[in-house]
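Mapping the sequence shown onto numbering that gives the first Met the number 0, position 110 (from 1) lands on 109, and the numbers just tick up by one.
We treat Cβ as the ideally placed atom computed from N, Cα and C, and that holds for glycine.
Computed from a predicted structure; not experimentally measured.
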Amino acid sequence: MISDLRAQRVDKNYLLGRFNPETDGRFEKIPAEYSPGSANGGYLRKEVLQAFAKMRQAAKNDGVTLTIVSATRNFQRQKSIWESKWTGKTLVEGQDVSRINDSAARAKIILRFSAMPGTSRHHWGTDMDLNDLEDAYFQTQEGKKVYAWLIANAPRFGFCQPYTSKLNSNRTGYEEEKWHWSYLPLSSELLKQYVQSVDANDLNGFKGSTTAEAIEVIKRYVAGVSCK
Ligand SMILES: [Zn+2]
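If you want it as C-alpha cells, here you go:
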C-alpha cells in the first residue's frame, strides 16, 4: 500500500485539503452507526474506514464504544472553523482573539487546538476524533476506560495518537488531544510527502495566512507529531 503511494505523483491539492471527499473515489461515507452525532454524513479513506470498523468491533467486544465525532474536513471546512475563531465569532478557550493585534500571537492561540487551513491531518481522511473533543470527558470514568483501551489496542489496528502530552517530550505544536487518532499506514507516507512538497507559499486563501511562515507552521505543527 505504501509503495503504491510512493509510485503516485504527489497530489498537492489533496495534501492541502483542496478537494471534495464526497466525489473522490478514494473516500467512503462513514456508516451512521459509527458517527451518530457531529460527524454524521462524514467521509474517510476506504482503508481507514475498514481498519476503524475492525477496531470498533474489538472495542465493543471489550465493552468500549468508539464513536467518530469528526473525520475528513477539507480546506473549505477548516477555513470556516479557522476564520470563525480569527474574527472572534467563535471564542477560543473563552477569548475573543480578534482583539489581539499581533497576528502571529493571534494565530498561535488558535493553533493550540485548531489547524490552519491547508495544514490539518483531517484533510487527508486518515485521521479522526473519537468520542469527545473535551479533555474533561477523558477525565471521567468512561473517558478513562476508552482512552486506556485505545492506548493498549489501537496500534494493532494501525492507529496512533499524534498529539500526545508535550511534557517530558520534544514534541512541538498542538496541545495534547486524547481524542485524535491517525491511521499510520497511510498518514505516515502522506506526512512525508507533505513536508517534502508543501511550503508556506502554498498556505493561502484564508485570514491570517501570512503568519504561516513566521510561525513555522509546517515544521512546528504539521511535523510536530508523536508518531510518524
Ligand atoms: Zn482531530
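Residue 126 sits in a strand when the DSSP states are folded into three classes. Residue side-chain check: residue 69 places its Cβ nearer than 7 Å to a non-hydrogen atom of ligand 1. From the listed residues 30, 44, 45, the smallest Cα separation to residue 38 is found for 30. Between residue 33 and residue 66, the beta carbon gap of about 7 Å places them in contact (Cβ cut-off 8 Å).
With respect to the 8 Å criterion, residue 103 and residue 222 are not classified as neighbours on the basis of their beta carbons. In this structure, ligand 1 has no non-hydrogen atom nearer than 7 Å to the beta-carbon of residue 122.
Around the beta carbon of residue 139, a 10 Å sphere encloses fewer than 16 other beta carbons of the protein chains shown; the residue is thus reported as exposed.
The region 35-52 makes no contact with the region 86-98: fewer than 3 CB pairs, one atom from each, lie closer than 8 Å. Note that the region 175-185 touches the region 120-134; at least 3 beta-carbon pairs, one per stretch, sit closer than 8 Å. Remark: C-beta atoms of residue 121 and residue 44 do not approach each other more closely than 8 Å. For residue 26, there is no enclosing alpha helix (DSSP H); the residue is part of the beta strand (DSSP E) that begins and ends at 26-28. When the five nearest sequence neighbours on each side are left out, the beta carbons in the same chain lying within less than 6 Å of the beta carbon of residue 96 are those of 105, 108, in order along the chain.
In this structure, DSSP gives residue 181 an extended state, which the three-state scheme calls strand. Relative to ligand 1, the beta carbon of residue 131 is positioned no closer than 7 Å to any heavy atom.
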